[in-house]
Amino acid sequence: MKRSRDKEATRAKLLDAARDTIRTKGYTATTVDDICAAAGVSKGSFFHHFDNKEHLGVEAARQFGAMAAGIFGSAPYRSLPDPRDRLLGYVDFRIAMLEAEIPQFTCLLGTMVQEVYTTHPEVRSACDEQMSEHVAELVADVEAARKLYAPAADWTAESVGYFIQTVLQGAFIFAKAKDDSRIARESLAHLRRYLELILDYPVPERKGAKK
């Protein structure tokens with residue numbers, strides 16, 4: 021029983037190390053030696069759990085997806101009864117996450133798929149699966165909000181769900197390019213305004229505005 025727990029702990033260390041190291045250095049620049057050093061385990065331990073780096077990449081994508089599902093599933097905005105408020109709360113939650121260091125708030129899935137989409141199809145597929153599952157969670161709220169606030173809209177909930185993630189992934193890229201989260205923060209603020217617009221969110225009356 022103890023040996024089994026030790027094996028599980030070693031595997032978890034390797035996956036955590038892969039997540040953090042790849043988000044910092046990228047998939048291609050990260051070596052098996054880097055991951056083993058970060059995890060504090062031997063190379064033999066690595067190959068006991070994973071066939072190669074690609075196998076690790078697939079499992080790291082799945083672990084990251086599960087981690088994200090837990091974080092967002094238990095976030096305070098999830099308890100809001102109104103789906104429009106949940107969507108705006110999601111964006112606010114994402115903005116708050118930008119207070120962390122860049123490797124901590126950027127997406128492992130987006131980082132890997134940008135590098136390997138033509139060279140490592142299994143990693144690409146795993147990233148697509150996890151990213152699309154996250155989008156599906158958003159789509160459910162978008163559709164519920166559309167029915168309440170924009171029933172005559174000619175857009176689909178799925179297209180808006182993917183648009184939200186497109187803005188996020190682009191924001192992460194510019195945070196890396198600028199080595200600063202300001203552009204990402206401003207982009208997500210624009211995303212929030214867009215959602216307010218298409219979901220008929222009431223705009224506060226400005227002081228001194230003529231009636």
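With my numbering, letter number 102 in the sequence shown gets 122, and the count goes up by one each step, no holes. The C-beta atom is built at its ideal place from N, Cα and C for all residues, glycine as well.
Asked: N- and C-terminal bounds of the alpha helix (DSSP H) containing Thr-131; Found: 128-136
Asked: Cβ neighbour criterion (16 or more within 10 Å) applied to Ile-91; Found: exposed
Asked: Assumed close pair Leu-108, Arg-212 - CB separation to whole angstroms, cut-off 8 Å; Found: 6 Å
Asked: With 16 other Cβ atoms within 10 Å as the buried cut-off, status of Thr-50; Found: buried
Asked: Straight-line gap, Lys-231 to Asp-102 (C-alpha atoms, nearest Å); Found: Because the pLDDT at Lys-231 is just 46, under 50, the model does not fix this residue reliably, and the point stays unresolved.
Asked: Enclosing alpha helix (DSSP H) for Val-155 [first to last residue]; Found: 141-169
Asked: Cβ-Cβ distance between Ala-191 and Ala-209 below 8 Å; Found: no
Asked: Length of the line joining the Cα atoms of Leu-158 and Glu-74; Found: 29 Å
Asked: Closest residue to Thr-30 among Leu-219, Ile-55 and Val-133 (Cα-Cα distance); Found: Ile-55
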